[in-house]
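Chemist: Sending over a structure as structure tokens; questions will come in a sec.
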Amino acid sequence: MEPQTPTSRRVLVAKPRGYCAGVDRAVIAVEKALEQYGAPIYVRKQIVHNTHVVKTLEARGAIFVDETEEVPEGEIVVFSAHGVSPAVHEEARQRSLRTIDATCPLVTKVHNEAKRFAAKDYDILLIGHEGHEEVEGTSGEAPEHIQLVDGLDAVDQVQVKDPSRLVWLSQTTLSVDETTETVARLKERFPSLIDPPSDDICYATQNRQTAVKEIAAESDLVIVVGSDNSSNSKRLVEVAKDYGAKASYLVDDASFIRDEWLDGVTTVGVTSGASVPEELVEGVLARLAQHGFDDVSEVEPVQERMRFSLPHELRKDLRAS
């Protein structure tokens, strides 16, 4: 009896994946600051939510702190891509810190919307995850006007002063589908609720979710490369399961993959969150190839070309030198 030919084992790699323009800008800002001013460079919070990136920058001389008060007076501090509140800017000024603001421009857009609507005395419903740095920064722009709506279950608890002066904004890294559902539920309660002038969920979050939906439909397993504190990475796991993948796991790198996940699997989807360097994806593909998954194809439902310039404080000094 002839031996059976093993079933083809293939990998579908989502594109776009990995670094978005805001993350790329923030990471390069820390790298350029280290080159321009020398170590140490202080960074408030993780510059982006990825363990590998943080460790790599630490090795080059970046010092990550939780609060501005931990930065010695007069030193340079970089604010992370997630943004900070006006109170943090004021703390930095009082400590005579030189600041480099690496807030993603798309997060800055949400901050500006919050200030504009607050100035018009609107109640602002901020859809997002409690405790996330981006939510804390945005809420700090107008704390007396903003209340957090953390998912569908929170909708019934919302109380507003004037339902006719009500707008929703959102964290930039949420699930598109879940946010749409939350907004629909809010509008059932508050029919006059108005939308932000433009979509707050960032282009990269949406594009990565669009790509993972496409590969999930054909995959037994979807592996999402990303750290556990990365909101957009965790959303990719949820979206993969919602759109057909039998299983989906979040891994920091290839070493987190367990052999039993691959039992009986013929198609693996692979993607990565917006703060993940491509080398970590390559490591996952190499690990899968060791298990016979060597038929690799890329799935690109949407193209991405967005780029952001470096923070102006850094650009000025780089030009001068």
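Taken in order, the sequence shown gives residues 1 to 321; the numbers are from full-length UniProt numbering. Just so it is clear, CB atoms sit at the ideal spot from N, CA and C, and this is done for glycine as well. Keep in mind it's a predicted model, so treat the numbers as computed, not measured.
(1) Is it true that the stretch 88 to 102 meets the stretch 26 to 43, where meeting means three or more beta-carbon pairs spaced less than 8 Å apart?
(2) Given Y203, which residues of its chain have a CB within under 7 Å of its CB, disregarding the five upstream and five downstream residues?
(3) Note down, one range per segment and in chain order, each alpha helix (DSSP H) of at least 4 residues found wholly within the stretch 161 to 231.
(4) Below 8 Å, how does it come out for the stretch 117 to 128 and the stretch 73 to 90: are there three or more Cβ pairs, yes or no?
(5) Is the stretch 175 to 182 in contact with the stretch 205 to 216, if contact means three or more CB pairs nearer than 8 Å?
(6) So for M1, helix, strand or coil by DSSP?
(7) Please state the DSSP three-state secondary structure of R44.
(8) Could you compute how far the alpha carbon of L92 sits from the alpha carbon of H129?
(9) Using DSSP's beta-bridge definition, name the partner residues of T267.
(10) The alpha helix (DSSP H) that contains V135, what's its start and end?
(11) Alpha carbon to alpha carbon, how far is V155 from A39? Give it in angstroms, no decimals.
(12) Measure the C-alpha to C-alpha separation of V281 and V43 and round it to an integer number of angstroms.
(13) Whether or not the stretch 237 to 248 and the stretch 187 to 200 are in contact is what I'm after, with contact meaning three or more pairs of Cβ atoms, one per stretch, closer than 8 Å; do they touch?
(14) Put I100 into one of helix, strand or coil per three-state DSSP.
(15) Classify A142: buried if its beta carbon has 16 or more other beta carbons within 10 angstroms, exposed otherwise.
(16) The ligand ATP heavy atoms versus the CB of S164: any closer than 7 Å?
(17) Pick helix, strand or coil for L310, following the three-state DSSP scheme.
(18) At 4 residues or longer, what runs of the alpha helix (DSSP H) sit wholly inside the stretch 229 to 262?
(19) DSSP three-state call for E144: helix, strand or coil?
(20) Suppose you measure from the CA of Y243 to the CA of D162; what does that come to, to the nearest Å?
(21) Within this structure, are the beta carbons of S139 and L126 separated by less than 8 Å?
(22) Determine, using beta carbons only, whether D220 and R9 come nearer to each other than 8 Å.
(23) Do you know offhand how far R279's Cα is from E214's?
Modeler: Working from what's here:
(1) yes
(2) Working through the sequence shown from its first residue, we reach residue 203 at position 203. Hits under 7 Å: M306.
(3) 176 to 189, 203 to 216
(4) no
(5) yes
(6) Within the sequence shown, numbered from 1, the residue matching residue 1 stands at position 1. Note on M1: pLDDT 41, under 50, position unreliable in the model; the coordinate value appears next. Coil at M1, not helix or strand.
(7) Counting from one through the sequence shown, the residue named residue 44 turns up at place 44. In the structure shown, R44 sits in a strand (DSSP, three-state: E or B).
(8) For the purposes of this step, residue 92 is identified with residue 92 of the sequence shown, where counting begins at 1. For the purposes of this step, residue 129 is identified with residue 129 of the sequence shown, where counting begins at 1. The residue asked about is misnamed: residue 92 is Ala in this sequence, not Leu. Rounded to whole angstroms, A92 to H129 spans 26 Å at the Cα level.
(9) Stepping through the sequence shown from its first residue, residue 267 is reached at position 267. Beta-bridge pairing links T267 to R10.
(10) Taking the first residue of the sequence shown as position 1, residue 135 is located at position 135. Its alpha helix (DSSP H) spans residues 133 to 139.
(11) Counted from its first residue, the sequence shown places residue 39 at position 39. Counted from its first residue, the sequence shown places residue 155 at position 155. Their backbone Cα atoms lie some 47 Å apart in a straight line.
(12) Here residue 281 refers to the residue found at position 281 when the sequence shown is read from its first residue. Here residue 43 refers to the residue found at position 43 when the sequence shown is read from its first residue. C-alpha separation (whole angstroms): 26 Å.
(13) no
(14) Residue numbering aside, residue 100 sits at position 100 when the sequence shown is read from its first letter. Here I100 sits in strand by DSSP.
(15) Numbered from 1 along the sequence shown, position 142 holds the residue referred to as residue 142. Classification of A142: buried, given that the 10 Å Cβ count is 16 or more.
(16) Only the bare structure without any ligand can be found here, which leaves the ligand ATP out of the picture.
(17) The residue given as residue 310 occupies position 310 in the sequence shown. In the structure shown, L310 sits in coil (DSSP, three-state: anything other than H, G, I, E or B).
(18) 231 to 242
(19) Residue numbering aside, residue 144 sits at position 144 when the sequence shown is read from its first letter. Three-state DSSP puts E144 in coil, outside helix and strand.
(20) Taking the sequence shown and counting its residues from 1, one reaches residue 243 at position 243. Taking the sequence shown and counting its residues from 1, one reaches residue 162 at position 162. So the two alpha carbons sit approximately 38 Å from each other.
(21) The residue you call residue 139 lines up with position 139 of the sequence shown. The residue you call residue 126 lines up with position 126 of the sequence shown. For S139 and L126, yes; Cβs fall inside 8 Å.
(22) On the sequence shown, residue 220 is found 220 positions in, with the first residue counted as 1. On the sequence shown, residue 9 is found 9 positions in, with the first residue counted as 1. The answer is no: Cβ separation not under 8 Å.
(23) Position 279 of the sequence shown, counted from the first residue, corresponds to residue 279. Position 214 of the sequence shown, counted from the first residue, corresponds to residue 214. The sequence as given places Glu at residue 279; Arg does not occur at that position. Each residue's alpha carbon lies about 23 Å from the other.
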